[in-house]
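Under this note's numbering, the sequence shown has 89 at position 89, and the numbering climbs by one with no breaks.
Where is the CB? At the ideal position from N, CA and C, for every residue including glycine.
Let me begin by presenting the structure, written as structure tokens, before commenting on it.
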Amino acid sequence: MNRKSRREFLRNMAIIGAGAAVTSCIGNMDMFPTQYESYDALVIGSGFGGSVSALRLSQAGFKVGLVERGRSWINHDFTSSRQLNKKTTWMSNTLHMPFVNLEKSISKWAGIIEYNPFQNMNIFNASGVGGGSLVFGATYVQPHQEVFDLVFPSEVNFDEMNQVYYPRVDSMINISQIPDHIYNSPYYLYSRRFNEHALNANMVVRRLPASYDWGVIDQELNGEIPKEFLHGDGGFGTRNGAKDSLDKNYIPQAVATGNTALHSLHDVQSIQRKNDGYLVTVHQLDEQGNILANKEMSCKYLWLCAGAPNTLKLLLRSKSNGHLPALNDRIGKGFGTNGKTFFKRTLREDTGKYTAYVPANGVLDIDNPVVPIFVECVPNVLNVFLPGIPQKSLFHVGFGFSPYRGSFDYNPELDQLEMNWSPDGIRETVNAARSWTDRVNTANPGSYVDTDLFPNQFLEDTSYHPLGGCVIGDATDVYGRIVEYPNLYVNDATLIPGVLGANPAYTVAALAERNIEHIIQNDLPS
1 MNRKSRREFL RNMAIIGAGA AVTSCIGNMD MFPTQYESYD ALVIGSGFGG SVSALRLSQA
61 GFKVGLVERG RSWINHDFTS SRQLNKKTTW MSNTLHMPFV NLEKSISKWA GIIEYNPFQN
121 MNIFNASGVG GGSLVFGATY VQPHQEVFDL VFPSEVNFDE MNQVYYPRVD SMINISQIPD
181 HIYNSPYYLY SRRFNEHALN ANMVVRRLPA SYDWGVIDQE LNGEIPKEFL HGDGGFGTRN
241 GAKDSLDKNY IPQAVATGNT ALHSLHDVQS IQRKNDGYLV TVHQLDEQGN ILANKEMSCK
301 YLWLCAGAPN TLKLLLRSKS NGHLPALNDR IGKGFGTNGK TFFKRTLRED TGKYTAYVPA
361 NGVLDIDNPV VPIFVECVPN VLNVFLPGIP QKSLFHVGFG FSPYRGSFDY NPELDQLEMN
421 WSPDGIRETV NAARSWTDRV NTANPGSYVD TDLFPNQFLE DTSYHPLGGC VIGDATDVYG
481 RIVEYPNLYV NDATLIPGVL GANPAYTVAA LAERNIEHII QNDLPS
């Protein structure tokens, strides 16, 4: 690739353009007779909060409906990060993918990632049975206690989480560190370079736990199966099944109890209080977004676990249309992006021809002069899209303790959420990342933060970790109850107060374990 074409490629790999996913339907709604189902408990969303909730409710003997708008995926259904087809994008005629703007037309389909463009902030959400576990980097990072205690109300006790609920997640998911022989392979040269640079700056490097079947990765390493993980693939699921996503642990265990009915391609339209329970209206979809059936599902207990912005849209829509008019005014408030920014550094040293998928290490800069920030070295997007071409660059993500919080409002005329977010919403994170890079680059002459991918050096307007909007101890009580309505609960990432200082999946799952245990013991009949 010559210099000109390379620059053009990098320019096109900026940020995804605008466009919204809209679910389609065909024909008159009267042509679909309504189907009725009844459960003790309904759980909307099958990500970390929903899968935990469904399993524990099922084990307690309750009849559970687990409702997921996305499809069930099996290994060969997933697509490569380099194929860029309809499987990557949820219900849109335009391809949307992180860091790539190809303006490519596709057929509308039940793809795996939804793109939500808002004012000053773009949000990416997973869509499928297993939620974000299908597409995330598979790292399970526990936040530092100092940051944890700053974020959560005192009733959410770090020691209890550390001793009881994080280990409970460990017992369900294959969480382990990357084996040394894989870390020392050519595919993790980039991580070892990061380690060298951080140590040169007198920083403490932390190895990160992940959820992968390393035996499968050994098969890749030995040439027994095609290389996916070792070539940076996994952002749209793993075709060799190595990622230990929720559809391999929590969800099948819930179904195996005989008490959970899993409903994929079921898109929730409304929720309302009815009698002493709730009525949930659902469209059953095909993979093109066409409506196959209308359903009304009733339950005594209802859990919202669809994440941000989807849990918030259901609640705010229900308040606006009079189905849940007494919902408190704190719902939609306290939203944050986990203070997350991306940046790229150019080095003098080689960083490899290929980039293994899972981040291996990070640095907690707790004494950063701006705000605390956790910086990880993540797979280099250039290695993914230019495989086999040697690079001299590292791709980083920083999770900074930015204090700004945005909010959501519901527009009934357009039936959509509107975000209130400042373009400077993560300014403290950016300044903390700049402080971190200044020190690391000074200790490693010849390295610098470049503008090839991000013209302003630090990405500020895209979120893959949307947190908050239904904050625990604020919009809900300290266990996720929406107190205005009995037996209505939230148990997902919207509970986390906007920032965590680490990858959120581990904490979302552990907090869900904490909350559902308390609710089963105190709210539900034995």
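- Query: By a C-beta neighbour count over all protein chains shown, 10 Å radius and 16 as the cutoff for buried, is Gly232 buried or exposed?
  - Reply: buried
- Are there three or more Cβ pairs, one per stretch, closer than 8 Å when the region 297-310 is compared with the region 367-383? no
- Task: Tell me whether the beta-carbon of Asn174 lies closer than 7 Å to the beta-carbon of Ser211.
- Result: yes
- Task: Thinking Phe236 and Lys108 are a contact (beta carbons under 8 Å), I'd like their distance in whole angstroms, please.
- Result: Not confirmed; about 17 Å, so no contact.
- Inter-residue spacing [alpha-carbon to alpha-carbon] between Ser393 and Leu364: 21 Å
- Item | With 16 other Cβ atoms within 10 Å as the buried cut-off, status of Tyr36 | exposed
- Item | Distance, Gly388 Cα to Lys4 Cα | Here Lys4 scores only 40 on pLDDT, less than 50, and its place in the model should not be relied on; the value that follows carries that caveat. Taking the straight line joining both Cα atoms gives about 19 Å.
- Message: Which same chain residues end up closer than 6 Å to Ser72 when comparing Cβ atoms and leaving out the 5 residues on each side of it in sequence?
- Response: Val129, Ser264
- Can the beta-carbon of Phe408 be found closer than 7 Å to that of Gly469? yes
- Query: Phe454 by DSSP, collapsed to three states: which one?
  - Reply: coil
- Query: From Val280, Gly336, Gln83, pick the residue whose C-alpha is nearest to that of Thr34; which is it?
  - Reply: Val280
- Item | Other residues of its chain near Asn321: CB distance less than 8 Å, five sequence neighbours each side excluded | Ser270, Pro412
- Item | Cβ contact check for the region 278-295 and the region 339-356: 3 or more pairs under 8 Å | no
- Item | Segment limits, beta strand (DSSP E) that includes Asn361 | 361-365
- Exposed or buried, what is Val483 when buried is set at 16 or more other beta-carbons lying within 10 Å of its beta-carbon? exposed
- Which residues DSSP lists as bridging His465, in chain order: None; His465 has no bridge partner.
- Query: Among the residues of its own chain, which have a CB less than 7 Å from the CB of Gly332, if the five just before and after it don't count?
  - Reply: Leu312, Leu316, Ser407, Phe408, Asp409, Gly469
- Exposed or buried, Ile516, counting other C-beta atoms within 10 Å across all chains shown (16 or more means buried)? buried
- Is it a yes or a no for the region 436-453 touching the region 199-213, going by three-plus beta-carbon pairs under 8 Å? yes
- Message: Report the start-end ranges of each beta strand (DSSP E) in the region 92-174 that is 3 residues or longer and not cut off at the edges.
- Response: 113-118, 121-126
- Please classify Val216: does DSSP put it in a helix, a strand, or coil? helix
- Message: Once the 5 residues before and after Ser133 are set aside, which same chain residues still bring their CB inside 6 Å of it?
- Response: Ser245, Leu246
- Task: Identify which residue in Ala510, His323, Ser80 has its Cα closest to the Cα of Lys274.
- Result: His323
- Query: What's the gap between the Cα of Asp450 and the Cα of Asn383?
  - Reply: 16 Å
- Query: Whose C-alpha, out of Leu495, Val64, Gln119, is nearest the C-alpha of Asn420?
  - Reply: Gln119
- In whole angstroms, what is the alpha-carbon distance linking Pro209 and Tyr165? 16 Å
- Item | 4 or more residues per run - each alpha helix (DSSP H) lying fully within the region 296-372 | 310-320
- Task: Keeping to the same chain, check which residues put their C-beta closer than 8 Å to that of Gly362; ignore five residues upstream and five downstream.
- Result: Val141, Val205, Arg206, Leu208, Phe374, Val375, Glu376, Cys377
- Task: Give the range of the beta strand (DSSP E) segment to which Ala41 is assigned.
- Result: 34-44
- Query: Excluding sequence positions up to five away, which residues of its chain have a Cβ less than 7 Å from the Cβ of Ser58?
  - Reply: Val64, Ala254, Thr257, Asn259, Thr260
- Message: Please tell me whether Ser402 and Gly480 are closer than 7 Å, where the distance is taken between their beta carbons.
- Response: no
- Item | Supposed contact pair Gly234 and Lys227 - C-beta distance, whole angstroms, cut 8 Å | That pair is no contact at about 11 Å.
- Task: Entirely within the region 398-434 and at least 3 residues each: give me those beta strand (DSSP E) ranges in chain order.
- Result: 406-411, 416-420
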